[in-house]
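The numbers in my numbering rise by one with no breaks, and the one at position 29 of the sequence shown is 30.
A virtual CB, placed ideally from N, CA and C, is assigned to each residue, including glycine.
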Amino acid sequence: MDSRFPGHLTAALVCLSFLSAGSAQAPAAKKVDDPVPATAASIPTVAPKDRLSESWWADRHKAIVASLPNHADAQLLFLGDSITQNYEKASPPNENFQPIWQQYYAPRKALNLGFGGDTTANVLWRLDHGEVAGLNPKVVVLLIGTNDTARGRTVEETEAGIDAVIVALEYHLPKTKIFLLGILPTGLKSMSADLDINSYLATRYAGGHDPQVSFTDIGVIFYEGGSLADGFFYDPFLKPPSPALHPNTLGQRRMASAIEGHLARLMGDTPVAPAN
């Protein structure tokens, strides 16, 4: 790993990202492990970045912030990119995700904060611009990083970005448990980088180093016979087809089932039984 970008961020590095976005107050220092290198300020994944030039993105962000008073009792947040936003789709047979959301998450007063195409820098910007203001959920499920590596960010940069999101969540939601998911397997060339990142995340977060964070890697559920199964993704069946990236209805249901036991423990409720 490049020594210029330590695997675990310090609070000072995350403060840098908050201050660059104009926050009135930086997050409290916590869990300081390493000194911040002079080059840390240039890591693109920890500098909050908006996508306001994209009208759909700007409109979605504005709508979510405006709706927060109606979700003051939200107990579960899903934060991420298109794989998370996809729960809003109801297009049988391959992209019919709303029934999964209604079965597993709607009864838990869940809120979807997924934005297709987002990177860690975009999530940082959204957190710093009111998307969780006034909320006090029990758990936030975080799945992010695929778009960072797919767009050429290095393993070290993407690890730093995910760490920064974790610290930002701990600042904005200090009483909330963070359920971090490993980057899902894909058919993209960046898959080898994602595996390295998941190994790092397991070392950093799966062993209780940060008591507020739990980590699990469910990637194995998308394999059959030792190979990534296209049948769990909808991209290979699009016209024209593209590499496996987004779980289809079956894949998303497998994912919901795979995380349910751990999620129920974090929520303090009874696991939802899989649909027949």
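Separation of E96 from P237, as counted between CA atoms = As a working mapping, residue 237 is identified with position 236 in the sequence shown. As a working mapping, residue 96 is identified with position 95 in the sequence shown. C-alpha separation (whole angstroms): 13 Å.
ask   = How would you call Y224, buried or exposed, if buried means at least 16 neighbouring beta carbons within 10 angstroms?
value = Along the sequence shown, one-based indexing puts residue 224 at 223. Exposed is the call here.
inquiry  = Give me, in chain order, the residues of the same chain whose beta-carbon lies closer than 6 Å to that of I222; leave out the 5 immediate sequence neighbours on both sides.
reply    = Within the sequence shown, the letter at position 221 stands for residue 222. Excluding sequence neighbours, I222 sits near R255, A259.
ask   = Tell me which same chain residues have a C-beta within less than 6 Å of the C-beta of P36, skipping the five on either side of it?
value = For the purposes of this step, residue 36 is taken as the residue at position 35 of the sequence shown. Residue confidence for P36 is low, a pLDDT of 35 falling below 50, so the modelled location carries little weight; the figure read from the coordinates is stated next. Nothing listed; no residue qualifies.
query = On the three-state DSSP scale, how would you describe S68?
reply = The residue labelled residue 68 in the question sits at position 67 within the sequence shown. Helix at S68.
key: Start-to-end residues for the alpha helix (DSSP H) that takes in L182   = Counted from its first residue, the sequence shown places residue 182 at position 181. Not the alpha helix (DSSP H): L182 falls in the beta strand (DSSP E), residues 178-182.
ask   = Terminal residues of the continuous alpha helix (DSSP H) containing A151?
value = Taking the sequence shown and counting its residues from 1, the one referred to as residue 151 is at position 150. Start and end: 147-151.
message = Beta-carbon within less than 7 Å of A276's beta-carbon, same chain only, minus the 5 sequence neighbours each way: which residues are those?
response = Translated into the one-based positions of the sequence shown, residue 276 becomes position 275. Answer for A276: Q104, listed in chain order.
Cβ-Cβ separation, L80 to V141 (assumed contact under 8 Å), whole Å = In the sequence shown, residue 141 corresponds to position 140, counting from 1. In the sequence shown, residue 80 corresponds to position 79, counting from 1. 6 Å between Cβ atoms; contact.
query = Looking only at C-alpha atoms, which of Q213, G135, S83 sits nearest to E171?
reply = Position 170 of the sequence shown, counting from 1, holds the residue named residue 171. The candidate whose alpha carbon is nearest that of E171 is Q213.
ask   = Quick one: Cα of T147 to Cα of L182, how far?
value = Here residue 147 refers to the residue found at position 146 when the sequence shown is read from its first residue. Here residue 182 refers to the residue found at position 181 when the sequence shown is read from its first residue. Those two C-alpha atoms are separated by around 12 Å.
Residues bridged to L229 (per DSSP) = Stepping through the sequence shown from its first residue, residue 229 is reached at position 228. The partner list for L229 (beta bridge, DSSP) reads Y224.
ask   = Would you report the Cα separation of A64 and G226, rounded to the nearest angstrom?
value = Working through the sequence shown from its first residue, we reach residue 64 at position 63. Working through the sequence shown from its first residue, we reach residue 226 at position 225. Approximately 44 Å between the Cα atoms of the pair.
request  = Measure the alpha-carbon distance for D60 versus L53 and round it to whole angstroms.
outcome  = Within the sequence shown, residue 60 is the residue found at index 59, counting from 1. Within the sequence shown, residue 53 is the residue found at index 52, counting from 1. Roughly 8 Å separates the two Cα atoms.
query = What is the rounded straight-line gap between the Cα of K139 and the Cα of M268?
reply = For the purposes of this step, residue 139 is taken as residue 138 along the sequence shown, with counting starting at 1. For the purposes of this step, residue 268 is taken as residue 267 along the sequence shown, with counting starting at 1. Looking at the two C-alpha atoms, the distance is approximately 6 Å.
query = Along the chain, where does the beta strand (DSSP E) that runs through V279 open and close?
reply = The structure shown does not extend to residue 279, since the chain is modelled only from 2 through 277, so no value can be given for it.
inquiry  = Check whether the segment 62-78 and the segment 153-164 touch, using three or more Cβ-Cβ pairs below 8 Å as the test.
reply    = no
message = Considering only the alpha carbon of each residue, which of W58, P45, I101, L174 lies closest to G118?
response = Within the sequence shown, the letter at position 117 stands for residue 118. Ranking the options by Cα distance to G118, first place goes to W58.
task = If I'm right that P248 touches I84 with Cβ under 8 Å, what's the distance once you round it to whole angstroms?
result = On the sequence shown, residue 248 is found 247 positions in, with the first residue counted as 1. On the sequence shown, residue 84 is found 83 positions in, with the first residue counted as 1. Their Cβ separation, rounded to whole angstroms, is 7 Å, which keeps P248 and I84 in contact under 8 Å.
Residue(s) in a DSSP beta bridge with S92 = Position 91 of the sequence shown, counted from the first residue, corresponds to residue 92. For S92, which the question treats as bridged, DSSP gives the partners E96.
inquiry  = Can you list, in chain order, the residues of its chain with a C-beta nearer than 6 Å to that of T150? Leave out the 5 residues immediately preceding and following it.
reply    = Stepping through the sequence shown from its first residue, residue 150 is reached at position 149. Hits under 6 Å: T159, S191, A194, D195.
key: Short Cβ contact (7 Å threshold) for A169 with V47   = In the sequence shown, counting from the first residue as 1, residue 169 sits at position 168. In the sequence shown, counting from the first residue as 1, residue 47 sits at position 46. The answer is no: Cβ separation not under 7 Å.
message = Below 8 Å on the Cβ atoms is my contact criterion, and I expect E132 with H62 to pass it. Report the Cβ-Cβ distance as a whole number of Å.
response = As a working note, residue 132 is residue 131 in the sequence shown. As a working note, residue 62 is residue 61 in the sequence shown. Sure, about 7 Å apart at Cβ, within 8 Å.
ask   = Comparing alpha-carbon positions, which option in F116, W102, P94, R109 lies nearest S56?
value = Working through the sequence shown from its first residue, we reach residue 56 at position 55. Cα-wise, what sits closest to S56 is F116.
ask   = According to DSSP, which residues form a beta bridge with L80?
value = Translated into the one-based positions of the sequence shown, residue 80 becomes position 79. L80 is bridged to L114, L143.
ask   = Can you give the beta carbon distance from N113 to E89, rounded, assuming they're within the 8 Å contact cut?
value = Locating residue 113 in the sequence shown gives position 112, counting from the first residue. Locating residue 89 in the sequence shown gives position 88, counting from the first residue. At roughly 6 Å, the Cβ-Cβ gap stays under 8 Å, so N113 and E89 are in contact.
Same chain, Cβ closer than 7 Å to E261, neighbours up to 5 away in sequence not counted = Against the sequence shown, residue 261 aligns to sequence position 260. Excluding positions up to five away in sequence, the list reads Y105, P272, V273.
task = Within the same chain, show all residues whose beta-carbon is closer than 8 Å to that of R152, passing over the 5 residues directly before and after it, in chain order.
result = By one-based count along the sequence shown, residue 152 stands at place 151. So the list reads T120, once near-sequence residues are dropped.
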